[in-house]
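Just so we're aligned, residue 100 is where the sequence shown starts under our numbering, counting upward by one. From the three backbone atoms N, C-alpha and C, an ideal C-beta is built for every residue, glycine too.
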Amino acid sequence: MSKMKLELFDTINYTLLTLICVVMLYPFINVASVSLSSYSAYVNNPTMIWPHEFSLAAYQEIMSRALLWRSYLNTLIVTICGVTLGIFLYIITAYPLSKRVLKGRKFLMMLIVFTMLFNGGLIPNFYLIRSLGLLDTLAALILPALFSGFSLILMKNFFESLPEELEEAARMDGASDPYILFRIIVPLSKPIIATLCLFAAVGYWNNFFNAIIYIRSETNWPLMLYLREVIEAASMMAQQSNAAEAGSQQVTSETLKYATLMIVMIPILCVYPFVQKYFVKGIMLGSVKG
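Here is the structure:
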């Protein structure tokens with residue numbers, strides 16, 4: 100009887116998980132299929148899950164635009180600099196906070212938690228960035244998202260979960276604190292570092308709001324601002340031309356829009372498989388200990 104219940108439970112679980120996977124994957128598959136199809140195929144079957152009348156014209160049109168590559172470069176610079184600096188700050192901040200001998204540790208943690216609950220708001224942040232002379236620079240996209248109290252707590256908890264005997268043995272051999280941190284602790288902390296790198300990279304890659312507030316010139320646009328421009332231009336194109344005219348064009352607003360979506364999504368999707376094996380371990384060990 101218990102075996103039958105277990106099998107029924109597993110069947111229901113697999114069914115629900117399969118349905119959830121289908122619901123989550125379908126939009127991505129549909130966008131990919133439309134971007135690789137002609138406009139007439141899209142009009143006849145907008146819910147397609149497989150490309151019809153295969154065409155790469157939309158990708159050729161998008162990739163011929165110099166502003167796309169400039170936006171790509173800006174996003175790569177922001178993401179790489181933001182992730183690198185952020186992880187370094189988390190490491191050098193979380194390590195001393197993980198030590199019980201640090202005086203005022205609880206007070207410092209209370210200050211960090213306070214920033215998670217309250218912040219200055221949009222207008223003070225804008226004036227701060229402007230007073231620092233960072234408006235319309237890539238630094239305005241990097242600095243506001245450089246440090247997160249939530250990520251710091253995850254890394255601190257992970258450091259606390261490591262055996263103290265490792266550090267005691269290293270100290271007996273004459274190792275200094277920087278040596279222990281960067282030669283012993285950091286190599287053992289790959290799961291949490293990879294997890295926070297993924298969090299930060301996705302955040303910087305998808306950063307849209309800060310770019311609207313702080314960026315003015317096209318040459319400093321990140322990918323998300325470029326994507327918004329393409330979608331707005333595609334919508335205007337669709338309004339100004341009827342379906343018959345659009346169908347006669349080699350590249351239409353819809354295929355252009357969907358191809359741009361794919362180009363923006365693919366790089367960050369390629370990163371995930373390389374850090375997925377660390378993801379669960381990093382989150383679990385970093386969040387269990389308070």
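Which word fits residue i, buried or exposed, when buried means at least 16 other C-beta atoms lie within 10 angstroms of its C-beta?
i	result
Ala299	buried
Gly389	Residue confidence is low: Gly389 scores 48 on pLDDT, short of 50, so the model does not pin down where it sits. No coordinate-derived value is stated.
Lys376	exposed
Asn173	buried
Thr183	exposed
Val121	exposed
Leu242	buried
Ala293	buried
Report yes if the C-beta distance between residue i and residue j is below 9 Å; otherwise report no.
i	j	result
Asn319	Thr236	yes
His151	Ala165	no
Met254	Ile211	no
Met361	Ala131	yes
Asn129	Thr146	yes
Leu261	Ser288	yes
Ile119	Tyr194	no
Ser136	Ser163	no
Ser134	Ala358	yes
Less than 7 Å between C-beta atoms, sequence neighbours within five positions excluded: which residues of the same chain meet that for residue i?
i	result
Leu207	Leu196
Leu167	Ile161, Tyr325
Gly185	Leu245, Phe246, Ala299
Val301	Ile367
Val363	Leu322, Leu326
Thr214	Gly248
Asn144	His151
Glu317	Leu166
Identify, in the order they occur along the chain, each residue of the same chain with its Cβ nearer than 6 Å to the Cβ of residue i, setting aside the five sequence neighbours on each side.
i	result
Glu266	Ile279
Tyr303	Val177, Thr178, Gly181
Gly220	none
Ala333	Ser352, Leu355, Lys356
Leu233	Ala239
Val329	Thr359
Comparing C-alpha positions only, which one of the options sits nearest to residue i?
i	options	result
Leu216	Arg327, Phe249, Glu106	Phe249
Pro372	Leu297, Thr214, Val363	Leu297
Leu124	Ile148, Ser137, Pro286, Thr183	Ile148
Pro223	Leu201, Ile367, Arg327, Ile312	Ile312
Arg315	Ser154, Leu107, Ala239	Ala239
Thr192	Phe257, Glu328, Ile330	Phe257
Leu175	Arg229, Leu233, Leu227, Pro321	Pro321
Ile228	Phe281, Glu264, Asn309, Gln159	Asn309
Tyr189	Phe281, Arg327, Val363, Ala358	Phe281
Glu422	Arg199, Ala157, Phe225, Tyr171	Nothing in the structure corresponds to residue 422, since the chain is present only between 100 and 389.
Ala156	Val142, Asn143, Tyr138	Tyr138
Leu295	Val374, Gly203, Gln159	Val374
Under 8 Å Cβ to Cβ from residue i, same chain only, skipping five residues before and after it: list those, please.
i	result
Val370	Leu297, Ala300
Arg270	Ile279
Phe225	Ile312, Tyr313
Phe127	Met364
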